[in-house]
Structures are given as C-alpha cells and as structure tokens.
Amino acid sequence: MKNTRGFTLTELMIVIAVTGILAAIATPIYTNVTNKARAREFMGVLSELQIRQRQYFRENREFLSISKGDFSSTAAQKLGLTAETHFFDYEVTTTSDGYTATATLKENLGRAKQGAQGTGNS
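Quick note, in our numbering, the sequence shown goes up one by one and the last residue is 227.
Spelled out as structure tokens, the structure:
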C-alpha cells in the first residue's frame with residue numbers, strides 16, 4: 106500500500122474556492138453593518154444638535170456656530186455637545202434666520218469625503 110501525505114491539488118482548489126465564496130458573501134454583509142453604524146451616529150448627533158440648537162435659541166434668540174470637528178469649542182459646550190464622533194466631522198454655520206449642520210465623513214476611514222446637510226429654523 107502506498108503511504109501518501111499531504112493534500113492533492115484538487116482538495117486545495119476546493120478549499121480555495123470555498124474560502125472565496127465565503128469571503129464574497131461576508132464582505133457585503135460587513136459593509137452593510139458598518140454603513141448602518143455610521144448612519145446611526147449621523148442621525149443621532151444631528152438629532153441631538155437640532156434639539157439643543159432650538160433650546161438654546163429659545164433662551165438666547167440666536168443659534169451657535171461650531172467649527173468642523175470641534176466639539177470641544179465653547180459653542181459646543183454651551184449646547185452640551187461633548188460626544189466623541191467616530192465616523193463624521195460635524196460643522197454648524199449660522200445665518201440670520203437659521204443654521205446649517207453639515208456632516209462630512211472623516212478622512213481616516215479610507216474613503217472619499219461624503220457630506221450631508223440639515224437645516225433648522227426656529
């Protein structure tokens with residue numbers, strides 16, 4: 106009887122094919138999960154920002170501006186925004202009758218910049 110050790114080329118090709126199929130299935134699922142996490146941060150921060158801007162406006166009759174990515178600023182502290190953000194940099198610019206909040210995808214995520222805007226008036 107012949108004593109053979111190791112894998113045949115066919116067995117190795119089957120393992121590689123199965124691994125490729127699993128990777129092809131798992132990658133879109135992972136991407137979908139990370140996009141949902143980004144959307145949760147985006148919606149949560151902008152919702153909180155809108156509520157706090159309106160509260161501040163009722164008390165002070167003005168909106169506050171926040172520089173891009175600067176939640177440590179005096180304006181952000183007045184609004185009570187101290188959250189660490191992982192996926193987006195937020196910026197708030199004010200006009201005479203409202204404000205515009207912009208969320209820009211952070212550069213260190215390895216993707217092109219994406220932005221979204223929301224406006225509010227009181």
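For every residue, glycine included, the Cβ atom is placed at its ideal position computed from N, Cα and C.
A direct Cα-to-Cα measurement between residue 171 and residue 124 gives close to 47 Å. The C-alpha of residue 184 is placed about 58 Å away from the C-alpha of residue 119. Measuring C-alpha to C-alpha distances from residue 193 to each of 180, 168, 146 and 128 identifies 146 as the nearest.
Put simply, the backbone Cα of residue 158 is about 43 Å away from that of residue 130. The alpha carbon of residue 168 has as its nearest neighbour, out of 128, 179 and 204, the alpha carbon of 204. Around the C-beta of residue 181, 16 or more other C-beta atoms lie within 10 Å, and the residue is accordingly described as buried. Closest in alpha carbon position to residue 190, among 179, 115, 161 and 143, is 143.
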